[in-house]
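Just so it is clear: in the sequence shown, position 193 is 193 by the UniProt record's numbering, and no numbers are missing. Yeah, the Cβ is synthetic: ideal placement off N, Cα and C, and Gly gets one too. If you're wondering where the values come from, they're calculated on a predicted model, not measured in any experiment.
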Amino acid sequence: MIYSMTGYGKSVLQLPTKKITIELKSLNSKNLDLNARMPSIYREKELAIRKLLADKLVRGKIDFSIYVEATAEDTSTQLNTPVVKQYMSQLRAIVNTDDAQLLEMAVRFPDALNTVREEIDEDEWKAIEAEILKAVEDLISYRLNEGKVLEEDFNNRITAISNILEDVIAMDPERVEGVRERLKKGVDELREKYDENRFEQELVYYIEKFDITEEKVRLKNHLNYFTESINSKDSNGKKLGFISQEMGREINTIGSKSNFAPMQQLVVQMKDELEKIKEQLLNVL
């Protein structure tokens, strides 16, 4: 089976005073490219999160986010009473108003409020970590579903190349005979006598230079290996990429050796299918 590098995962945790949303997005990338966004209180856990994501998601451009929404009174901010009283005293000297309005003005000044740095509650973090794992599994499931779509497309295109290759194999005797006839006609047009045995030797040598038997066999093997790799337990886009390069090498060699227009047209069709495979392989994990 294969996995796409494109995916999305989300999980929501409702705590007594806040709602925490974990979100993961994944796109294709040659390596792991992880971008993490989270409130400062959780920054000390970033390395552990990165390791977890690297182990589970392997590679891809990953955007990881933790969003926190307060659902109860926030007690992390406290009134700096001495400072507020000092502001009110100074304001009273220049403003003729009651204490309520003075207080309203005073709390807007710098340092009127103290923000107390929260410490991570380990039980809370364990709950968050469990939700992160849920979001990761959600993304992996998404990748698998996308991979099934890619797998179907690959199988269709591999089948198309295999069918075209069969046409190439069926056409090869005609191609060889065509080469033989062109050579003989060229020699006949010289209107000179020639040694028939020597001509046959030269013809065999010439045809061997354009023989594509090995390329046909190797291409068929590469097509089978590609299909086997798709059906293996592990998704390996890089391995499939290497196989596709070998397939391209054999197809190009067949094209350069064919020296026969109908066969070259079939080679173009195989190249077209292979290019579409290569484009899709960029999305395979």
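Asked: When we look at the beta-carbon of Tyr67 and count the other beta-carbons within 10 Å, is it buried (16 or more) or exposed?; Found: exposed
Asked: Excluding the 5 residues preceding and the 5 following Lys10 in the sequence, name in chain order all residues of the same chain whose CB lies nearer than 8 Å to its CB.; Found: Thr21, Ile22, Glu23, Leu24, Ala135, Asp138
Asked: CA-CA distance, Arg180 and Asn197?; Found: 14 Å
Asked: Determine the contact status of Gly144 and Tyr3, defining contact as a CB-CB distance below 7 Å.; Found: Note that residue 144 is Leu in the sequence shown, not Gly. Contact: yes.
Asked: Buried or exposed, going by whether 16 or more other CB atoms sit within 10 Å of the CB of Met1?; Found: exposed
Asked: Tell me the DSSP bridge mates of Ala70?; Found: Lys18
Asked: Classify Phe242: buried if its beta carbon has 16 or more other beta carbons within 10 angstroms, exposed otherwise.; Found: exposed
Asked: Under the three-state reduction of DSSP, which class applies to residue 288: helix, strand or coil?; Found: This structure does not reach residue 288, given that the chain is present from 1 up to 285, and the question cannot be answered.
Asked: Going along the chain, which residues of its own chain have a beta-carbon closer than 6 Å to the beta-carbon of Met88, five neighbours each way excluded?; Found: Leu102, Ala106
Asked: Cβ atoms of Ser244 and Ile212: under 7 Å apart, would you say?; Found: no
Asked: Spatial neighbours of Tyr142 within its chain, please: C-beta separation below 6 Å, excluding the five flanking residues on both sides.; Found: Gly7, Tyr8
Asked: Measure the CB-CB distance between Glu215 and Ile254 and report whether it falls below 7 Å.; Found: yes
Asked: Quick test of the definition: if touching needs 3 or more C-beta pairs under 8 Å, does the segment 223-237 touch the segment 152-166?; Found: yes
Asked: Would you tell me roughly how many angstroms separate the C-alpha atoms of Glu119 and Glu131, rounded to the nearest one?; Found: 20 Å
Asked: Assuming Ile41 and Phe64 are in contact, meaning their beta carbons sit under 8 Å apart, how far apart are those beta carbons, in whole angstroms?; Found: The pair is not a contact, with the Cβ atoms about 16 Å apart (cut-off 8 Å).
Asked: Please confirm whether Ala112 and Val84 have their CB atoms less than 7 Å apart.; Found: yes
Asked: Going by the DSSP bridge assignment, what does Ala36 pair with across the sheet?; Found: Phe64
Asked: What's the gap between the Cα of Val267 and the Cα of Leu219?; Found: 12 Å
Asked: Which residue wins for smallest C-alpha separation from Glu208, given the options Val58, Lys238, Gly237, Arg175?; Found: Arg175
Asked: Whose C-alpha, out of Lys61, Met38, Arg43, is nearest the C-alpha of Ser26?; Found: Lys61
Asked: Is the beta carbon of Met270 sitting closer than 7 Å to the one on Ile161?; Found: yes
Asked: Indicate the three-state DSSP secondary structure (helix, strand or coil) for Val95 in the structure shown.; Found: coil
Asked: Do you know whose CA, among Lys45, Lys30, Ser29, lies nearest Ala36's CA?; Found: Lys45
Asked: Residues in its own chain within less than 6 Å of Lys19 by CB, not counting five upstream and five downstream?; Found: Glu69, Thr71
Asked: Could you tell me which uninterrupted alpha helix (DSSP H) segments, each at least 4 residues in length, are contained entirely in the UniProt domain "Endoribonuclease YicC-like C-terminal" (171-284), listed from first to last along the chain?; Found: 196-209, 213-230, 237-258, 261-281
Asked: Using 10 angstroms around the beta-carbon of Glu250, count the other beta-carbons present and answer buried if the total reaches 16, otherwise exposed.; Found: buried
Asked: Does Val83 come out as helix, strand or coil in the three-state DSSP assignment?; Found: helix
Asked: Taking the alpha helix (DSSP H) that Asp55 falls in, what are its first and last residues?; Found: 46-57
Asked: Considering only their Cβ atoms, is the gap separating Gln280 from residue 347 smaller than 7 Å?; Found: No answer is possible for residue 347: the residues shown for the chain start at 1 and end at 285.
Asked: Taking the alpha carbon of Gly248 as the point to measure from, which residue in Lys257, Gly237, Met263, Glu275 has its own alpha carbon closest?; Found: Glu275
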